[in-house]
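From first to last, the protein sequence lines are chains A and B.
Mapping to our numbering: the first sequence position 356 is 356, numbers consecutive.
Mapping to our numbering: the second sequence position 88 is 453, numbers consecutive.
All C-beta atoms in this analysis are idealised placements derived from N, C-alpha and C, irrespective of residue type, glycine included.
Remember, it's a predicted structure, so these values are computed and weren't measured experimentally.
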Amino acid sequence: MKYLDEYRDGRIARALATEIAQACTRPWVLMEICGGQTHTIMRYGLDDLLPKGLELVHGPGCPVCVTPLETIDKAIALAARPDVTLVSYGDMLRVPGSNSDLFRAKAQGADVRIAYTPIEAVKIARRLPERKVVFLAIGFETTAPANAMATWMARQEELANFSMLVSHVLVPPAIRALLASPDNRVQAFIAPGHVCTVMGCEEYEGLVRDFRVPIVVGGFEPVDILQAVLMLVKQLEAGQVKLENQYVRSVSYQGNRFAQELMAQVFEIADQKWRGIGMIPASGLRLREEYAAYDANKVFDLKLITAEEPAECISAQVLRGLRKPTDCAAFGMRCTPENPLGAPMVSSEGACAAYYRYRRHAPAV
Amino acid sequence: MCLAIPGKILSKENIAGVDVGRVQFGAITRQVALGFVPEAEVGDYVMVHVGFAISKVDAEEAQRTYEILEQLGALEEELGEPAIPARLPS
Ligand code: SF4
């Protein structure tokens, strides 16, 4: 497929790997933020192409994985109501809540439906006026414009039976929290190309300045990631600190103005809890007051449920790049994609799931 | 979850004030909301995420990036086998 296949060219990838090996004289720790990039790295074995000492650690960039346990529990509680149809992106169905997951709720008779786009949820609400349709709206900045548009459409149409259970997370505040943490070991970042496609690059400029850390906005194909790694290694070796854009075919400096405008109209910035990490100030989005009638938290009387993660899940450290999935005693044993204990084992973009899928027989790294 | 894939706009229309189009991804086509990329026309490539185009692929930039990388690949062929074994593509 055009603009995809050429960036999977094995010959170019190997040439890039050779160039990285030549440029790299010392050990460095790089983090890719986005789970989509983690998936590509594992799938193509890109980390095996890198010289020893050049370490890629995986960031918190899987929105499925960081959706708080409480939100999952709320979604399950809503789905259990006889008058509710709960619509969600497919990845969310197996995410474990405290006692169950949406998939099990569905098997027990709850009306849970999978949608590829939030527009589908609006269509269901239109079609079934007697049902209360709730869309579980998760995602990073990439997904927020789509979810904003669905909410905006519902309001335009005055759909009275549609609401959103919003759990949106923002990337730059999370990077800031990682960098500010005393146990941080990440020296440079690959910023998520699709988040930047929407938001532009400016926020990352601030991180580069405040923390003196090189950042390259990167794409998602093997060649993109290797090129971003090369750009970072060159900066690190030369003692440079700047923001660069590898993913120029999709990312402009300003980002997508139309998407940003609609997002700002529908959502406002709020403190947000990240599963495995905890509360990060101003790191999420919630619906604005004008959209209160579409906020499932307000439409339904949802008690704040406080829930506990299984003790043996070390996803808190995995999501911050402090440990690898294979360091977890439960990995591949008590925790598998079929029976996940923690969220990073659920989505294919979760670090634990990516390790399980592509390296299950490999020794711990 | 944050993946966006490039597709080619085959047709574009305005339904009830909203721009939508048929977009081709390899062998399949899908309806895609085009409201965030008003500059994209039939024949253009767009990056699509959860049913929404979020950017128009900059064909010139894509070409330029690829040419730079191609040269790297060509260089490698001239120099012979790479130093590092690879299992690419899977
Ligand atoms: S392998 Fe499972 S239990 Fe261990 S950190 Fe990953 S998700 Fe948690």
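With distances taken between CB atoms, is the gap from A:Val208 to A:Val233 smaller than 9 Å? Not a contact, by the Cβ cut-off of 9 Å.
Please decide whether A:Thr71 counts as near chain B, where near means a Cβ-Cβ distance under 9 Å. No, A:Thr71 lies away from the interface with chain B (no Cβ there is under 9 Å from its Cβ).
Can you tell me whether A:Thr25 is buried or exposed, with buried defined as 16 or more other CB within 10 angstroms of its CB? When all chains shown are included, A:Thr25 counts as exposed.
What does B:Arg395 pair with, by DSSP beta-bridge criteria? According to DSSP, residue pairing for B:Arg395 in a beta bridge involves B:Val388.
A:Lys74 - containing alpha helix (DSSP H), residue span: Membership of A:Lys74 in the alpha helix (DSSP H) is indicated by the continuous run Leu69 to Ala79.
Among the candidates A:Pro182, A:Phe162, A:Ser283 and A:Thr143, whose CA atom is the shortest distance from the CA of A:Glu203? Checking every option, the nearest Cα to that of A:Glu203 belongs to A:Ser283.
Spatial distance of A:Gln37 from A:Gln108 (CA atoms): Cα to Cα, A:Gln37 sits roughly 35 Å from A:Gln108.
Which class does A:Phe103 belong to by DSSP, given the choice of helix, strand or coil? In the three-state scheme derived from DSSP, where H, G and I count as helix and E and B as strand, A:Phe103 is classed as helix.
Taking Cβ positions only, does A:Thr197 come closer than 9 Å to chain B? Yes, its Cβ sits closer than 9 Å to a Cβ of chain B.
Just the C-alpha distance for A:Ile12 and B:Leu434, rounded to the nearest angstrom, thanks. Cα-Cα distance, rounded: 6 Å.
Using the three-state DSSP reduction, which class does A:Thr38 fall into: helix, strand or coil? Three-state result, A:Thr38: helix.
Using a 10 Å radius around the Cβ and a threshold of 16 neighbouring Cβ atoms, would you call A:Glu32 buried or exposed? Flag for A:Glu32 reads buried.
Under 7 Å between beta-carbons, which chain B residues line up against A:Ser250? List them in chain order, please. Contact of A:Ser250 with chain B by beta-carbon distance below 7 Å involves Met412, Ser420 and Val422.
DSSP beta-bridge partners for B:Pro371? Answer by DSSP bridge pairing, in chain order: B:Met412.
Indicate, with yes or no, if the ligand SF4 has a heavy atom lying under 8 Å from the CB of A:Glu349. Because no heavy atom of the ligand SF4 lies under 8 Å away, the Cβ of A:Glu349 does not count as near it: no.
CA nearest to the CA of A:Val171, picked from A:Leu226, A:Lys324, A:Thr151 and A:Pro192: The option with the nearest alpha carbon to A:Val171 is A:Pro192.
Taking 9 Å as the CB-CB cut-off, is B:Ile380 touching chain A? Cβ-Cβ to chain A under 9 Å: no for B:Ile380.
I think A:Trp274 touches A:Pro82, with their Cβ atoms under 8 Å apart; what is that distance to the nearest whole Å? At roughly 32 Å, the Cβ-Cβ gap does not stay under 8 Å, so A:Trp274 and A:Pro82 are not in contact.
Using three-state DSSP, classify A:Thr117 as helix, strand or coil. DSSP places A:Thr117 in coil when its eight states are reduced to three.
Report the neighbours of A:His58 on chain B: residues whose CB is nearer than 7 Å to its CB, in chain order. Result: empty, since nearest Cβ-Cβ is about 14 Å, beyond 7 Å.
What residues of chain B sit near A:Lys2, judged by a beta carbon separation below 8 Å? In chain order: Pro371, Lys373 and Tyr410.
In terms of residues, what are the limits of the alpha helix (DSSP H) holding A:Pro60? Where A:Pro60 is concerned, there is no enclosing alpha helix (DSSP H), although the beta strand (DSSP E) it sits in stretches over Leu54 to Gly61.
Which of the three DSSP states, helix, strand or coil, is assigned to A:Leu4? Note: A:Leu4 maps to coil in three-state DSSP.
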